[in-house]
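For the sequence shown, our numbering gives the first residue as 2, with consecutive numbering after it.
Ideal Cβ positions, reconstructed from N, Cα and C, are used throughout, including at glycine.
Below is one structure, written out as structure tokens; comments come after it.
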Amino acid sequence: NFAEWLGDKLFMRTYERGVEDETLSCGTGVTAAALSLAAELHWPAGAHRISVDTPGGTLRVHFTLEDDGSYRDIWLTGPARHVYSGTIRPAGLY
Numbered sequence: 002n003f004a005e006w007l008g009d010k011l012f013m014r015t016y017e018r019g020v021e022d023e024t025l026s027c028g029t030g031v032t033a034a035a036l037s038l039a040a041e042l043h044w045p046a047g048a049h050r051i052s053v054d055t056p057g058g059t060l061r062v063h064f065t066l067e068d069d070g071s072y073r074d075i076w077l078t079g080p081a082r083h084v085y086s087g088t089i090r091p092a093g094l095y
């Protein structure tokens, strides 16, 4: 994941190993980047929301930062859209 913080929004692009290409988004990466940003910028304890722009759309990470630096109530919200359909034949499973 490659992320850049500009103003009040995080911009992110994801290259996925296994896919061997850029993907539209990565929920795990978006969440990790948002929490890392809060730690790096020493945000105060309390409830926070970070908007993250990805090629697949804008996602929002909601979380509560505790006084001890831990996180709780972590939520990822945003649009979901169908981008692929496929069929796996039983012979392809072996």
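Find the nearest neighbour of residue i within the set the options, judged by alpha-carbon distance.
| i | options | result |
| --- | --- | --- |
| Ile51 | Leu94, Tyr85, Ala35 | Ala35 |
| Asp68 | Thr78, Ala46, Gly58 | Ala46 |
| Thr59 | Glu21, Gly87, Tyr72, Cys27 | Cys27 |
| Thr15 | Thr24, Ala81, Gly87 | Thr24 |
| Ser71 | Ala40, Thr55, Glu17, Ala81 | Ala40 |
| Asp22 | Leu94, Asn2, Tyr95 | Asn2 |
| Val53 | His43, Thr78, Gly93, Tyr95 | Thr78 |
| Asp74 | Glu5, Thr32, Leu42, Arg82 | Thr32 |
| Arg82 | Pro91, Gly57, His43 | Gly57 |
| Pro80 | Glu5, Pro91, Arg61, Thr88 | Arg61 |
Does the beta-carbon of residue i have 16 or more other beta-carbons within 10 angstroms, so that it is buried, or is it exposed?
| i | result |
| --- | --- |
| Thr29 | exposed |
| Leu11 | buried |
| Val84 | exposed |
| Val20 | exposed |
| Thr55 | buried |
Tell me which same chain residues have a C-beta within less than 6 Å of the C-beta of residue i, skipping the five on either side of it?
| i | result |
| --- | --- |
| His63 | Arg50, Trp76 |
| Asp9 | none |
| Glu17 | Thr24 |
Please work out which residues of its chain come closer than 7 Å, Cβ to Cβ, to residue i, disregarding the five sequence neighbours upstream and downstream, and give them in chain order.
| i | result |
| --- | --- |
| Gly48 | One point to set straight first is that residue 48 is Ala, not Gly, in the sequence displayed. The residues are Thr65. |
Going by DSSP, what residue range makes up the alpha helix (DSSP H) through residue i?
| i | result |
| --- | --- |
| Gly70 | Counting along the chain, Gly70 falls outside any alpha helix (DSSP H), and DSSP gives it neither H nor E. |
| Thr32 | 28 to 41 |
Where does the unbroken beta strand (DSSP E) through residue i begin, and where does it stop?
| i | result |
| --- | --- |
| Glu5 | 3 to 7 |
| Val53 | 47 to 55 |
| Thr59 | 58 to 66 |
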